[in-house]
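Comments concern the structure below.
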Amino acid sequence: MKLLRSIAGWFRQKYSYYSQPKFNFEVVENDPESIPPQKIFIIKEGVQPDSLIFKCPCGCGADIHLNLLKDAKPRWHFKINKRGNISIYPSVRRTKGCQSHFYLSNGRVDWV
Ligand SMILES: [Zn+2]
Numbered sequence: 356m357k358l359l360r361s362i363a364g365w366f367r368q369k370y371s372y373y374s375q376p377k378f379n380f381e382v383v384e385n386d387p388e389s390i391p392p393q394k395i396f397i398i399k400e401g402v403q404p405d406s407l408i409f410k411c412p413c414g415c416g417a418d419i420h421l422n423l424l425k426d427a428k429p430r431w432h433f434k435i436n437k438r439g440n441i442s443i444y445p446s447v448r449r450t451k452g453c454q455s456h457f458y459l460s461n462g463r464v465d466w467v
């Protein structure tokens with residue numbers, strides 16, 4: 356029974372991973388006035404993108420700002436694959452509020 360329950364749990368976890376709506380992205384020059392869920396704004400005023408802004412995927416409503424500039428720390432990177440799915444690395448960890456810790460890979464949130 357224990358084994359069965361752990362298998363069921365595994366399936367539930369996989370299912371919630373694959374059934375979640377994917378994040379999409381948009382490149383903008385200025386910070387957006389409102390941030391819809393499942394959307395990552397890539398802020399790019401000059402040649403290089405400056406930062407990423409999106410809503411925390413846990414549902415707490417907090418805005419997450421990630422720095423992309425090499426002169427500031429911490430710094431994140433992002434990558435967009437051929438299918439237009441965005442990945443962010445390293446993982447995102449909120450030190451205040453909900454304390455969420457997750458990876459965003461190929462448009463999907465993978466909780467740590
Ligand atoms: Zn949150």
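In our numbering, the protein residues as written are 356 to 467. Note that beta-carbon positions come from the ideal geometry of N, C-alpha and C, so glycine has one too.
Contacts around residue i, its chain only, beta-carbon distance under 6 Å, and the 5 residues preceding and following it disregarded
i: Q393; result: P376, F378
i: A417; result: C411, G452
i: N440; result: N461, G462
Supposed contact pair residue j and residue i - C-beta distance, whole angstroms, cut 8 Å
i: K399; j: V382; result: 5 Å
i: F433; j: V447; result: In fact, because the Cβ distance is near 11 Å, the residues do not count as touching under 8 Å.
i: P387; j: I408; result: 7 Å
i: S442; j: L421; result: Between L421 and S442 the Cβ distance is about 13 Å, and since that is not below 8 Å, they are no contact.
i: I397; j: P404; result: 5 Å
i: S455; j: R463; result: Between R463 and S455 the Cβ distance is about 15 Å, and since that is not below 8 Å, they are no contact.
i: L424; j: W431; result: Contact doesn't hold; Cβ gap of about 10 Å is too wide.
Proximity test, residue i beta-carbon vs ligand 1 heavy atom, cut-off 7 Å
i: A417; result: yes
i: G452; result: yes
i: S446; result: no
i: R438; result: no
i: S455; result: yes
i: R367; result: no
i: R449; result: yes
Residues sharing a beta bridge with residue i, DSSP
i: I398; result: V383, S406
i: F433; result: I443
i: V464; result: L459
Neighbourhood of residue i by C-beta distance below 8 Å, restricted to the same chain and skipping five residues each side
i: Q368; result: none
i: N436; result: S442, N461
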